[in-house]
Amino acid sequence: NAGVMQNPRHLVRRRGQEARLRCSPMKGHSHVYWYRQLPEEGLKFMVYLQKENIIDESGMPKERFSAEFPKEGPSILRIQQVVRGDSAAYFCASSPPEGNTEAFFGQGTRLTVV
Amino acid sequence: AQSVTQLGSHVSVSEGALVLLRCNYSSSVPPYLFWYVQYPNQGLQLLLKYTSAATLVKGINGFEAEFKKSETSFHLTKPSAHMSDAAEYFCAVTRGGYQKVTFGTGTKLQVIP
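Structure below.
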């Protein structure tokens, strides 16, 4: 049973480009969470999704950031017109639908904006 | 709202010495509390969790933590540090279940041979 898979592991984008981060949850998991880790900081919650629904996006920046978790395929975190301040590690976690079971984390995507 | 505060962004211990990483929480409802470990360039691995059952929680790799409501604390301990314990440790809280976990800023543990 593969763990949470994130790709790419490393992503370099020039200012103004788009970044697309992918997360494939563990088999059987229908809940996905995205977190951002800025240098020397803890993880900050961004968004919580279930299949085809955004449940809680209170941690998402109001502009340029969006997330989806379609019925088929991985969850996507999309950052439009990236700026240097978007450079961070982005972690995805998933959990099963039962609710009271721990979330498992992927290894993260490290985004560098140059 | 809930939050956690980790005291000490860097902790150094000698190999074989006691490890003590401090975490205090704030929560308006009975919390779920967690400790995660992150090795360089890796994701987070759950060490242990408190979910309102036993107040002394044992986790993997010999770590344990005690929930103390009166002190709003959930400190992580290990009797004898190993070199392999060198990593960053995050305390985290949620109000129930595993959604929207709030993390502390982390404590980097250095183990000195």
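Residue numbers (our numbering), protein chains in the order written: chain A, 15 to 128; chain B, 996 to 1108. Beta carbons are placed, not taken as given, at the ideal position from N, Cα and C, and that holds for glycine. This structure is a prediction, so every number in the text was calculated from the model and none was measured.
Of all the CB atoms in chain B, is at least one closer than 8 angstroms to the CB of residue i?
i                     : result
residue 120 (chain A) : yes
residue 116 (chain A) : yes
residue 57 (chain A)  : yes
residue 83 (chain A)  : no
residue 105 (chain A) : yes
DSSP beta-bridge partners for residue i?
i                      : result
residue 58 (chain A)   : A:50
residue 100 (chain A)  : According to DSSP, residue 100 (chain A) bridges with nothing at all.
residue 63 (chain A)   : A:46 and A:68
residue 3 (chain A)    : Nothing in the structure corresponds to residue 3 (chain A), since chain A is present only between 15 and 128.
residue 1079 (chain B) : Partner(s): none; residue 1079 (chain B) has no beta bridge.
residue 117 (chain A)  : Partner(s): none; residue 117 (chain A) has no beta bridge.
residue 1073 (chain B) : B:1014
Please look up how many angstroms separate the CB atoms of residue i and residue j, rounded, as I've assumed it's under 8 angstroms.
i                      : j                      : result
residue 52 (chain A)   : residue 105 (chain A)  : Between residue 105 (chain A) and residue 52 (chain A) the Cβ distance is about 12 angstroms, and since that is not below 8 angstroms, they are no contact.
residue 125 (chain A)  : residue 27 (chain A)   : 7 angstroms
residue 1035 (chain B) : residue 1078 (chain B) : Residue 1035 (chain B) to residue 1078 (chain B), Cβ: 14 angstroms. No contact.
residue 1088 (chain B) : residue 1020 (chain B) : 5 angstroms
residue 1102 (chain B) : residue 1033 (chain B) : That belief does not hold up - the Cβ atoms of residue 1102 (chain B) and residue 1033 (chain B) are roughly 11 angstroms apart, past 8 angstroms.
residue 1105 (chain B) : residue 1022 (chain B) : That pair is no contact at about 30 angstroms.
residue 44 (chain A)   : residue 65 (chain A)   : 5 angstroms
residue 18 (chain A)   : residue 119 (chain A)  : 6 angstroms
residue 1015 (chain B) : residue 1085 (chain B) : No, residue 1015 (chain B) and residue 1085 (chain B) are not in contact; Cβ-Cβ is about 16 angstroms, not under 8 angstroms.
residue 1090 (chain B) : residue 1024 (chain B) : 5 angstroms
residue 25 (chain A)   : residue 123 (chain A)  : 6 angstroms
residue 1058 (chain B) : residue 1071 (chain B) : 6 angstroms
So, is the C-beta of residue i closer than 8 angstroms to a C-beta in chain A?
i                      : result
residue 1101 (chain B) : yes
residue 1002 (chain B) : no
residue 1038 (chain B) : yes
residue 1095 (chain B) : yes
residue 1069 (chain B) : no
residue 1044 (chain B) : yes
residue 1104 (chain B) : no
residue 1041 (chain B) : yes
residue 1098 (chain B) : yes
residue 1085 (chain B) : yes
Considering residue i, what are the terminal residues of the beta strand (DSSP E) in which it resides?
i                      : result
residue 1005 (chain B) : 1005-1009
residue 1105 (chain B) : 1102-1107
residue 34 (chain A)   : 33-38
residue 1085 (chain B) : 1082-1089
residue 24 (chain A)   : 24-27
residue 1001 (chain B) : 997-1002
residue 79 (chain A)   : 79-82
residue 127 (chain A)  : 123-127
residue 1013 (chain B) : From DSSP, residue 1013 (chain B) is part of no beta strand (DSSP E); its letter is neither H nor E.
Every unbroken beta strand (DSSP E) inside the segment 1017-1069 of chain B [3 residues or more]: Segments of the beta strand (DSSP E) lying fully in the segment 1017-1069 of chain B: 1027-1033, 1039-1045, 1051-1053 and 1059-1063.
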